[in-house]
Every structure is written in structure tokens, then in C-alpha cells.
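**Q**
Number of protein chains: 2
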Amino acid sequence: MKLRKSEHNLASSFNRAEQMSILSRREKHLGNGQKYFYEKPLHIVKGEDVWLIDDRGKRFLDVYNNVAHVGHANPRVTEAITKQSNALNTNTRYLHENVVRLAERLAATTEDLNVAYFCCSGSEANDLAVQLAKAHTKHQGCIVLSNAYHGNTTEIFQLSPEDCPKEHRKGWVKTIPGPKGFLEDQSAYIQGLKEEVEDLIDSGHGVACFIADSIFSSDGIYEIPKDFLKSIYQEIRSQGGVVIADEVQSGFGRLGQQMWGYQDDAVVPDILTMGKPMGNGHPVSALLTHREMVESLDQAYNGNSYFNTFGGNPVSAAAALSVLDILEEDNLIEEARQVGNYLKKQLKKTLEDNESVVEIRGKGLFLGIELDAPSKTAKAMEDMMNRGVLVGKTGPINSVIKLRPPMTFKREHADLLVDKIGQCLGAIS
Amino acid sequence: MKLRKSEHNLASSFNRAEQMSILSRREKHLGNGQKYFYEKPLHIVKGEDVWLIDDRGKRFLDVYNNVAHVGHANPRVTEAITKQSNALNTNTRYLHENVVRLAERLAATTEDLNVAYFCCSGSEANDLAVQLAKAHTKHQGCIVLSNAYHGNTTEIFQLSPEDCPKEHRKGWVKTIPGPKGFLEDQSAYIQGLKEEVEDLIDSGHGVACFIADSIFSSDGIYEIPKDFLKSIYQEIRSQGGVVIADEVQSGFGRLGQQMWGYQDDAVVPDILTMGKPMGNGHPVSALLTHREMVESLDQAYNGNSYFNTFGGNPVSAAAALSVLDILEEDNLIEEARQVGNYLKKQLKKTLEDNESVVEIRGKGLFLGIELDAPSKTAKAMEDMMNRGVLVGKTGPINSVIKLRPPMTFKREHADLLVDKIGQCLGAIS
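These protein sequence lines are chains D and B, in that order. First residue of the first sequence? That's 14 in our numbering, and the numbers climb one at a time after it. First residue of the second sequence? That's 14 in our numbering, and the numbers climb one at a time after it.
(1) By the 10 Å Cβ neighbour count, where 16 or more other Cβ atoms means buried, how is B/Ala443 classified, buried or exposed?
(2) Where are the beta strand (DSSP E) runs, 3 residues long or more, that stay fully inside the segment 329 to 399 of chain B, in chain order?
(3) Using a Cβ-Cβ distance under 8 Å, would B/His82 count as near chain D?
(4) Starting from the N-terminal side, write out each stretch of the beta strand (DSSP E) that is 3 residues or longer and does not extend beyond the segment 125 to 212 of chain D.
(5) In chain B, which residues lie with their C-beta within 9 Å of the C-beta of D/Glu117?
(6) Under a three-way DSSP split, which group does B/Lys71 fall into?
(7) Taking B/Glu61 as part of the beta strand (DSSP E), name the residues at either end of that continuous run.
(8) Taking a Cβ distance cut-off of 8 Å, strictly less, list which residues of the segment 89 to 114 of chain B are near chain D, in chain order.
(9) Within 8 Å of any Cβ in chain D, is that where the Cβ of B/Glu20 sits?
(10) Applying the criterion that 16 or more other CB atoms from any shown protein chain within 10 Å of the CB defines a buried residue, is D/Gln97 buried or exposed?
(11) Quick one, are the C-beta atoms of B/Val112 and B/Phe131 less than 8 Å apart?
(12) Please tell me whether B/Glu168 has its Cβ less than 8 Å away from any Cβ of chain D.
(13) With a threshold of 8 Å between beta carbons, is D/Tyr275 in contact with chain B?
(14) So the candidates are D/Arg400, D/Gly164, D/Tyr355, D/Ala391; which of them puts its Cα closest to the Cα of D/Thr286?
(15) Report the option in B/Ser34, B/His82, B/His109 whose CA atom is closest to the CA atom of B/Gly325.
(16) So which residues of chain D does B/Asp176 contact, with C-beta pairs closer than 8 Å?
(17) Could you tell me whether the Cβ atoms of B/Asn321 and B/Glu137 are closer together than 8 Å?
(18) My output table needs one value for B/Gly253: the three-state DSSP class, helix, strand or coil.
(19) DSSP puts B/Leu285 in a beta bridge; with which residues?
(20) Between D/His163 and chain B, is the shortest Cβ-Cβ distance under 8 Å, so that the two count as touching?
(21) For B/Thr95, report the span of its alpha helix (DSSP H) as first-last.
(22) With a cut-off of 8 Å, does the C-beta of B/Ala86 fall near any C-beta of chain D?
(23) Along chain B, in chain order, which residues have C-beta atoms closer than 8 Å to that of D/Thr322?
(24) Leaving out the 5 sequence neighbours to the left and right, which residues in its chain are closer than 7 Å to B/Leu119 when beta-carbon positions are compared?
(25) Return the chain-ordered list of same chain residues with a C-beta closer than 7 Å to the C-beta of D/Ala332, the five sequence neighbours on each side being excluded.
(26) Can you tell me whether B/Arg39 is buried or exposed? The criterion is at least 16 other CB atoms within 10 Å of its CB, across all chains shown.
(27) Name the chain D residues whose beta carbon is nearer than 9 Å to that of B/Ala129?
(28) Given this structure, state the Cα-to-Cα distance separating B/Leu430 from B/Arg267, to the nearest angstrom.
(29) Do D/Trp273 and D/Ser231 count as a contact pair if the criterion is CB distance below 8 Å?
(30) Can you check whether the CB of D/Leu115 is closer than 8 Å to the CB of D/Gly258?
(31) Please list the residues of the segment 44 to 67 of chain D that have a C-beta atom closer than 8 Å to any C-beta atom in chain B, keeping them in chain order.
(32) Are the segment 306 to 317 of chain D and the segment 170 to 180 of chain B touching, with three or more C-beta to C-beta distances below 8 Å?
(33) Check whether chain D comes within 8 Å of B/Gln153, counting only Cβ atoms and requiring the distance to be less than that.
(34) For chain D, check one thing: does any of its Cβ atoms lie closer than 8 Å to the Cβ of B/Asn326?
(35) Hey, out of B/Arg250, B/Gly353, B/Ile382, B/Arg374, whose CA is closest to B/Gly219's CA?
(36) I think D/Ala225 touches D/Ala279, with their Cβ atoms under 8 Å apart; what is that distance to the nearest whole Å?
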């Protein structure tokens, strides 16, 4: 056995030669799926609130990374992790205050979803959600939006048509269009849903569940149209199915209104899943549901119900509790509403005469700028990086600039972003 | 939205009334799968090396928890996590030294598995391993041992016959007996394997993979019989399948010989998965394989290859690097061999006249004591807890006492364990 002395405590300064070396070593030793954001990948060595700093000391305003929900390297989150790591990290087969407290606090943010499971990733939470749905309904069929992404386990990859090639899709998965279709013609949309539901029933799969994000990011960042979720939930439930709100992206107040995105359409799902921002980067995710769903899973699995070794451990729970504390203490949901409104207004004002801009959408700190060509969006993402601002791209043809900064994003950051994006799109158009 | 002030920074002393309160609150808010180890669940508030301490200050020698591989609350692991959390936690779409260094160091512990993917749990790593196997072979059939447990995603639950009820098992899953069957009659065993393989081929599934632990824990803690893996690997590969070594339990030197358990049978798998002890409790897992497997997944998924938001983040990588450092600096694999040998010898000596003891098996710091009745094993586990020692139980009928302490377990701890287990089994027999 060869174990080599670690060099992970590296100084924070790297030169170009070292970066090339990291790049080539990485190309040799990492799976290809871990693609880079930029043509010349960024080598980030430090994070501070809404800033990321590269190996040459260049600072980038981060308008993309939602995982660092309460800001990069938030010292309060680190302190919570350190304190609990120094005391104890074990699993939920022992009693511990942290996981109980976390379950209670999360339950209190919902209408009536009062039982929690804890996992490590959004994919795991969604996979468990579908297990619960199938066990409870005794059906197999699932309905998702046609450009959705819900995760990367074998099962959930099936429910991620954004990435899963159509020829791999199993017969128990049916897709319906994104909210744009509903906006265009509600009755035709619901009729289309009914047809997919009938297909599932006719093929013997039945309807186990519908799962959707509560902001339609991969569809191009659309808000929930009024009555959209309500209409779908009604149809799914009328056929004995359950409904899952995937709040991995829209949750924890990102939309600037309430804790969870689905609450904007005045509906209540049967299962709510959460992930990415939950521990500010620490791998923790969760699912909230009703006790009757839990009992169904127990029965289906003969009592061998879901256990996750790392899920709900005291350190992960401490990280998540500290994020909830900071959200509350710093009033970040209201801040997201105000800064998001201001940012959207300023973007509209600055870009109103720009001919490449099709539409500016979204709410809170989750906004999208649709351009008239995907090539322009790709170019803008690179150009913005060169101007010191990190943005993303999304949508069915990747034509939408994705703005989704940490929740600690302030007006001054919005002003900087608007200034740079005005210059950038002015030069591209 | 209601967010309540966290009380996770609790003092370490709790009284009985508070414990009952935690218990009832937990029963209300947590999924049932998170069962307790004991009839009256332990409320652990502190960990120190091989010790766990409950809310009343009672100290338990931990002979069960392998996740705390280098000891509970190891300060060097906490320091690595704290230092990196203070600097940066982001994802693998940016370059970072830690993940590259970790991939290199893990690759160097194997014969030729030089490409890594990083995930958060053993289940995720195994799920990805099966995705790779199916994409590479273009087959669907999987073969597992009849009492195996490999995880809890929808797909991997199918490959966990220990928990998955037989009536839920899909046609693409076939089981073969554990190593005991091979020990009894090698040629009959291989003939049985060939029949399952033929079934998979006849039913159109083909053979995608065989997956097994490298110590047969849920089969009752059996070491790898000589040529066991070698014979199975040969048969699977002759039918175009690949082989996966699940090192989630047996890895990181636990068996006291080499880094990975499969190395004891002088074989090389196509995919190696690892989890639990990798970050000493921090949620991190990984998979090692060949580049050609990665390319197959890319092709199958049209380039939308596997990405995991938290997988390989700089903090998780720092935690894993620190575990590798400590294993090396403290010579823990050799220590596990010596202490494990000593413990096994002392157990045999102390228990040789005990009529309830059927056999003492295993190696390194993964040992099992098979008793002649599951009721005695359950009683011993409770009784040992009352004597201040935590052990587990496993095997097809749960008749085997499972001993699997942190790797920092010393002779003095072995002596204490042997003394207590002698008293315990003496009283039970």
C-alpha cells in the first residue's frame, strides 16, 4: 500500500504552471462528468461572502452559486461544524438533540409535513421521495416536466429528461411541457396531462407521483404560473398519485417570499425535498412528509425502512441549523425579496433597448435573462467571467443567463452586476 | 415562515426527563427507518477516540462504529475540515488541488484503477458503479450474494437482499450464496453461479456485473475464502460482465493487511467503491475505475455524464485526505493487524469452553462471534451495553456478535472487551 504525504494544506498562491499541472493531473484522474464552467477552467482558492478569488488573486462577484446560501466560507457555519465535530459525529441509531431540533424547525416551516428523513444529497432525497410515493400508492408511474433535472441516481436520472437520453427512458416515466405551455393554453395543457396519466394507467403502471421544482430553472427560469401546480396536483391526486415538491433549488427562501417555492401557488405537496443550500456546502439533504407515507414504506419493505449512515448526523444537523439561524437573524428572505426586486427592475431598465434580450424572468434571487441565441448566452457567460462576474446559463436550448447568487447579495452587488452585464450585452449585440 | 432560534449549542449534560423528551419528539418527527440500537436508546453526547459518552456521563467502549475510523472526534480531522471550511467550499466545476490530490492518492493504493468519481454516501457510489457497469457492458443483469447489503437508493436496494423483500426483487437481479457455500463445495458453487448467469442471458438481461463486499459481514463475517473472488470474477468476465468490489465496510485497512479487502484474494476489480470511514463521519464516498468505463458512461448518456454537487468538494476532500494522513502517520493498518490478531487469540482462549459459541471469525479489526441462538446474540448486545461496551449483531439470522471498532483500538481496549464479553457470555450460557 502506498499512501503519500498529503499536500492539502497548500499556501493560497499558485502560479500558472501549477494551474496547468492541476488541470492535467485532474484530466488524468477524475471522471469526465465533472466538466468545467469555462473554456479555461477557473482555479478558485478562496471564498468570501459573495466573492470567489482565484489562484492569482483575481476577485469574482459570484452571481451563480446557490449552494453557498449564506455566503462563501460563512464563519458562523464553520463554527457550528467545528464545534460539533469536536464533540461528536455519529448516526441516528443513537439519540441526539441536533437531528430532532432540525426536524422540528423544518416541519415548522411547512403547513403539515411533520416527519423528516435526512440524506446527503438532493438526489438521495428525491430517490427516497419516489420510493415513498411508489410504496404508498402501490403504483409505478411518474410524471415530470419535459426539461426537468432531479438528480443522478439510476432511478432519478430517469426523472431528469434534461440529461437522460430519450432512448433510455423507461415506460413508467411520462413528461409534460414546462409552465410556458400552461401559460399559452391551460385547458390544452391539462388535457395533455390527462392523456399521459391515461397512458400510465392503461400500461398498468398507474400514477405514483408528479415531481417538479417550484421555479422552473431548466425550463428557462419561469415562476409558477397561478394555479399551475394546483391544477396538476388536483389531476394527479384524483388518480391516486402523490405530489412531490423538489425544493433543492427554490427552497430556503431563495424566491424572496416564503421558505418554500410551492407556497407561492398556495398548494401543499405530499413530499417536500431539499438539498443544495441546506448546509451551505456541507453535504446534507432532507425530505419532509406525512407519517402515513412513512408507514407505507415500512409495510412495503417489511420494516426494513430507509436508513442513511451519514443522514442526520450531529455535524450535518449543526450545519443545517446554523443556516436556519443565519437566514432568520439576518432577515435574508426579506432581503432576497428587496434586492431581487431592485435587481430585476435595474436589469429591465438597463437592458430595455437591447435587441438580444427576449425577456427577463424570475423572482427573488433567482432571475433569468433570455437572449435570442444560445451562442450569445455562452459568449456572455465567458465575457462576464472576464469582467469579474460569474453567471450561469440554462433553459431547453441554453439561451437563458442564470442569476442565482448567495442570499447575502446586496444592492451594491446588484449595481455592479447590472453595470457589467450592460457593458457585456451592449458589446455582444 | 417560522424559524425558531436554534438550541443546538446545548450543554453536554442532560437529565432523564430531557432524554424522554428527545425520544418522544423524535418519534413524532423522524422517519421510522432510523431505528435504535438498544431497547432503551442511548443518548450519546460526546465521542473521544474509542469512547462514546452518554448524557449522564457514562463511558462506553465503542467496538462497533467503523465510521469513526481514526477515532471519534479526531482533532486532526476536525482541524482539516475547519481550515478548508474557512477558506472555500465549492464544487468540481472549478479547479481545486484537494480533489486532484485525493484522486491521486486513492489511485496509488490500487493496482490500476486510476480514475475517481466522488459522491456523498456508499449508496451513491454503488449506484454510480452499477450505472457504469450497465453502460459499459450494455447488459442489465446483476449478481449479488444472497444476504448482501449495498445501499438504499432504488437501484441498489434491489442489490441488497438482506433488506429488500424477495417479492420486490426485479428479474435482472440474481443471487448466489455467501462464501460458506463456496467453502462447502467449490464446484457445486461455481455450477450454481453458472446457472444464474445463464438465466440472466436467457431472459435477455445479460450479465452487467457482480458486486460484493470483501468481508462478508451480513453473511456472518466470513473472510474471503482463497480463490473465492477469483473464481467468480473469472466466470462473470467470461460472459462480458464487470466486477465491483464494495469496500465501504472492508476498506481503508480495516482487515489489517492491505488498503482494500479484495487485495487479500489477489484479484483486481473493474470498479472499487468506498464510503463510511473515508471522512471519519464527514459525508464523502468515492469510486475508482478505468478510463474506458468512464468513456462508456459518457457515450451512453450522450455526454451528460455524472456530476455530484457536493461530491469532491474541497472540504470533503480535506476530510478524506486527513484520514489518509492519519492512517499512514499512525501506522494504523499494521496496528489493526496486530491488535486484531491479539484480540482474536484472546477471544478464542477466553471463550473456548463456552458452549454457546459456535465460531470466532474475521480478521484485522472486523471480527465476529457466532452464537448458537439469535436470542443469545440479542441479549449479549444489550448486556454488553449495560457493561459499558458497544457491540453489534449481524448474519442471516442475526446470530453473530459484530466487533468492528475504530482503527485506534489498542491492546488495553481488547483486554477490556475480552474481560466483559467473557463475563457476559458466561452469564448467558
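Note that the Cβ used here is the ideal one computed from N, Cα and C, for glycine as well. Since this is a predicted model, take the numbers as computed values, not measurements.
**A** On the basis of the data shown:
(1) Since the first and last residues shown for chain B are 14 and 442, residue 443 of chain B lies out of range.
(2) As far as the segment 329 to 399 of chain B is concerned, its whole beta strand (DSSP E) runs of at least 3 residues are 370 to 376, 379 to 384.
(3) False, the Cβ-Cβ gap to chain D never drops below 8 Å.
(4) Runs of the beta strand (DSSP E) lying entirely within the segment 125 to 212 of chain D, each at least 3 residues long, are 128 to 132, 154 to 158, 186 to 189 in chain order.
(5) Correct list: Arg17, Arg38, Lys41, His42.
(6) Three-state result, B/Lys71: coil.
(7) Membership of B/Glu61 in the beta strand (DSSP E) is indicated by the continuous run 57 to 61.
(8) For the segment 89 to 114 of chain B, the set of positions with a beta-carbon nearer than 8 Å to some beta-carbon of chain D reads Val90, Thr91, Ala93, Ile94, Thr95, Lys96, Gln97, Ser98, Asn99, Ala100, Leu101, Asn102, Thr103, Asn104, Thr105, Arg106, Tyr107, Leu108, His109, Glu110, Asn111, Val112, Val113, Arg114 in chain order.
(9) Caution applies to B/Glu20, whose pLDDT of 38 falls short of 50 and renders its modelled position unreliable; the value that the coordinates give is listed next. Yes, contact with chain D.
(10) Burial call: buried.
(11) Cβ atoms of B/Val112 and B/Phe131: closer than 8 Å.
(12) Nearest CB-CB separation between B/Glu168 and chain D: below the 8 Å threshold.
(13) For D/Tyr275, the answer is no, since every Cβ of chain B falls outside 8 Å of its Cβ.
(14) Considering only alpha carbons, the answer is D/Gly164.
(15) Per the Cα distances, B/His109.
(16) Under the 8 Å cutoff, chain D gives Tyr314, Asn317.
(17) At the C-beta level, B/Asn321 and B/Glu137 come within 8 Å of one another.
(18) For B/Gly253, the secondary structure class from DSSP, reduced to helix, strand or coil, is coil.
(19) Note: B/Leu285 sits in a beta bridge opposite B/Ala258, B/Leu301.
(20) Closer than 8 Å to the CB of D/His163 there is not a single CB belonging to chain B.
(21) Element bounds for B/Thr95: 88 to 100.
(22) True, the Cβ-Cβ gap to chain D drops below 8 Å.
(23) Those within 8 Å of D/Thr322 in chain B are Val80, Ser134, Gly135, Gly288, Lys289.
(24) Ala129, Ala299, Leu301, listed in sequence order.
(25) Counting only Cβ-Cβ distances below 7 Å, and skipping sequence neighbours, we find Val90, Ala93, Ile94, Gly292, Asn293, His295, Val297.
(26) The residue in question, B/Arg39, is buried, as its Cβ has 16 or more Cβ neighbours within 10 Å.
(27) Neighbours of B/Ala129 in chain D, taken as residues at a C-beta separation under 9 Å, are given in chain order as His42, Leu43, Gly44.
(28) In this structure, the alpha-carbon of B/Leu430 lies about 18 Å from that of B/Arg267.
(29) The beta carbons of D/Ser231 and D/Trp273 sit no closer together than 8 Å.
(30) One detail in the question is off: residue 258 of chain D reads as Ala in this sequence, not Gly. No, they are not a contact pair.
(31) The segment 44 to 67 of chain D vs chain B, Cβ under 8 Å: Gly44, Asn45, Gly46, Gln47, Lys48, Tyr49, Phe50, Pro54, Leu55, His56, Ile57, Val58, Lys59, Gly60, Leu65.
(32) Yes: the two stretches touch, three or more of their Cβ pairs being nearer than 8 Å.
(33) The beta carbon of B/Gln153 does not come within 8 Å of any beta carbon belonging to chain D, so the residue lies off that interface.
(34) Chain D contact via Cβ: present.
(35) Ranking B/Arg250, B/Gly353, B/Ile382, B/Arg374 by Cα distance to B/Gly219 puts B/Arg250 first.
(36) Contact flag wrong, Cβ pair sits at about 15 Å.
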